[in-house]
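Novice: Residue numbers (full-length UniProt numbering): 1 to 347.
What follows is a single structure, and I will ask about it in a moment.
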Ligand code: BGC
């Protein structure tokens with residue numbers, strides 16, 4: 001896994017500001033031989049923190065290349081100004097279509113306007129781009145992810161002091177997850193069974209912020225019965241805070257992404273669940289759609305979502321809840337992580 005991540009970092013040019021055209025030499029050679037320029041997909045990734053994004057990048061590039069397209073992929077982390085100028089750069093280099101993971105769902109707008117001006121189609125990948133003219137949105141059903149997270153916690157503890165620690169306020173997914181969570185929590189809050197004693201979002205999905213929120217709460221001597229953590233990074237931060245008070249494994253914690261470390265915590269008993277999103281399905285589908293769009297073909301969608309500016313044709317995939325009971329039939333069966341990777345940790 002480590003090797004793949006390192007290879008990918010090298011491949012897609014994590015170095016800030018640089019654009020690495022994969023297989024550039026091959027592209028040049030092909031151009032000379034056939035005089036036919038391959039399609040270039042610009043992939044702007046406004047995220048780096050979590051291990052999933054390296055998988056997204058690697059699988060997307062793999063599928064695009066199978067379809068005879070090249071990918072100009074570039075990370076910008078959570079710096080939206082940087083992401084805007086990188087996208088402008090991709091457009092000026094003549095990409096045929098743009099796939100964008102926005103670091104900020106709203107502020108990315110000027111880059112999308114630039115793409116619109118040059119007639120470059122835009123696909124929002126995993127995270128919606130708000131209030132802009134985009135062509136398609138592809139993601140997992142994030143409201144469903146939020147519902148699954150809470151249902152898994154309620155199957156362990158259904159009363160008491162609950163904490164909701166959400167994602168980045170600049171990421172539309174953070175709101176969708178919260179919407180799903182509240183769909184399940186609200187009736188219990190209204191009945192008086194559950195009290196939401198922490199209800200916060202953390203900047204850029206930072207585990208250290210989540211750690212601090214839970215630590216400060218516990219330091220004040222108040223009690224806590226469950227934590228809904230919006231993703232596995234946040235779960236890692238809150239479990240660290242619980243661990244320092246001898247509470248890891250005693251208070252249920254949710255997560256999302258099926259990161260290797262989260263699956264290890266689940267089998268070790270300190271995290272209750274995660275939500276597995278088969279990245280291969282998302283990345284492959286997005287690459288197919290991007291290439292089809294660049295070729296002017298009509299693409300398949302299965303839903304619509306309002307982004308504040310327009311009704312966006314969208315494609316949603318289903319998330320899967322993972323706990324210690326179905327680890328083998330989900331992430332292991334799919335080869336997302338191996339049995340050895342997950343379980344060797346507790347031997
Ligand atoms: C993604 C999550 C990810 C989070 C932080 C969200 O938009 O849907 O899978 O954990 O960003 O990168």
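Virtual Cβ for every residue (Gly too), placed ideally from N, Cα, C.
1. Which residues mark the beginning and the end of the alpha helix (DSSP H) in which residue 48 is found?
2. I believe residue 163 touches residue 61 by the beta-carbon criterion, under 8 Å. Please report the beta-carbon distance rounded to the nearest angstrom.
3. Where does residue 94 sit, in a helix, a strand or coil, going by DSSP?
4. Using C-beta distances below 8 Å, list every residue in its chain close to residue 270, excluding the 5 sequence neighbours before and after it, in chain order.
5. Check whether the Cβ atoms of residue 171 and residue 105 lie closer than 8 Å to each other.
6. Compute the minimum distance between the beta carbon of residue 256 and the heavy atoms of ligand 1, and state whether it is under 7 Å.
7. Are the CB atoms of residue 324 and residue 266 nearer to each other than 8 Å?
8. Three or more beta-carbon pairs under 8 Å between the region 131-147 and the region 61-75, yes or no?
9. Taking just the CA atoms, how far does residue 188 sit from residue 156?
10. Going by beta carbon distance, what residues of the same chain come within less than 7 Å of residue 179, once the five residues before and after it are set aside?
11. So for residue 136, helix, strand or coil by DSSP?
12. Go to residue 322, then tell me how far its beta strand (DSSP E) extends in each direction, as first and last residue.
13. Counting Cβ pairs closer than 8 Å, one from the region 63-72 and one from the region 36-51, do we hit at least three?
14. At a threshold of 7 Å, does residue 265 count as lining ligand 1 (C-beta to nearest heavy atom)?
15. Is it the case that the region 50-65 contacts the region 108-117, given that we only count it when at least three CB pairs across the two stretches are under 8 Å?
16. Compute the distance between the beta-carbons of residue 140 and residue 316, then report whether it is under 8 Å.
17. What's the gap between the Cα of residue 185 and the Cα of residue 123?
18. Tell me whether residue 54 sits in a helix, a strand or coil according to DSSP, three-state version.
19. In terms of residue numbering, what span does the beta strand (DSSP E) encompassing residue 166 cover?
20. Alpha carbon to alpha carbon, what distance is there between residue 118 and residue 321?
21. How big is the Cα-Cα spacing for residue 341 and residue 262?
22. Determine, using beta carbons only, whether residue 282 and residue 251 come nearer to each other than 8 Å.
23. DSSP three-state call for residue 192: helix, strand or coil?
24. Alpha carbon to alpha carbon, what distance is there between residue 308 and residue 200?
Specialist: In this structure, then:
1. Premise fails: residue 48 is in no alpha helix (DSSP H) and is neither H nor E.
2. Your pair residue 163 and residue 61 does not check out as a contact, with CB atoms roughly 38 Å apart and the cut at 8 Å.
3. Residue 94: coil per DSSP, three-state reduction.
4. Correct list, in chain order: 239, 242, 243, 248, 249, 253.
5. Taking 8 Å as the Cβ cut-off, residue 171 and residue 105 qualify as a contacting pair.
6. Within the cutoff, so yes.
7. Yes, the pair counts as a contact, with Cβ atoms nearer than the cut-off.
8. Touching, no, given that fewer than three Cβ pairs across the two stretches are closer than 8 Å.
9. Near 14 Å, if we compare the C-alpha coordinates of residue 188 and residue 156.
10. Closer than 7 Å at Cβ, skipping near neighbours: 143, 146.
11. Here DSSP, grouped into helix, strand and coil, assigns residue 136 to strand.
12. 320-322 is the span of the beta strand (DSSP E), which, as asked, contains residue 322.
13. The region 63-72 is in contact with the region 36-51.
14. At a threshold of 7 Å, residue 265 does not count as near ligand 1, since its beta carbon sits no closer than that to any of the ligand's heavy atoms.
15. Result no; under three Cβ-Cβ pairs closer than 8 Å.
16. Less than 8 Å separates the beta-carbon of residue 140 from that of residue 316.
17. Taking the straight line joining both Cα atoms gives about 33 Å.
18. It is helical.
19. Element bounds for residue 166: 160-166.
20. Using only the alpha carbons, I get a separation of about 41 Å.
21. Residue 262 has its alpha-carbon roughly 12 Å from the corresponding atom of residue 341.
22. Going by beta carbons, residue 282 and residue 251 fall outside the 8 Å limit.
23. Under the three-state reduction of DSSP output, residue 192 falls in the coil class, being neither helix nor strand.
24. Cα atoms of residue 200 and residue 308: separation of roughly 24 Å, rounded to the nearest angstrom.
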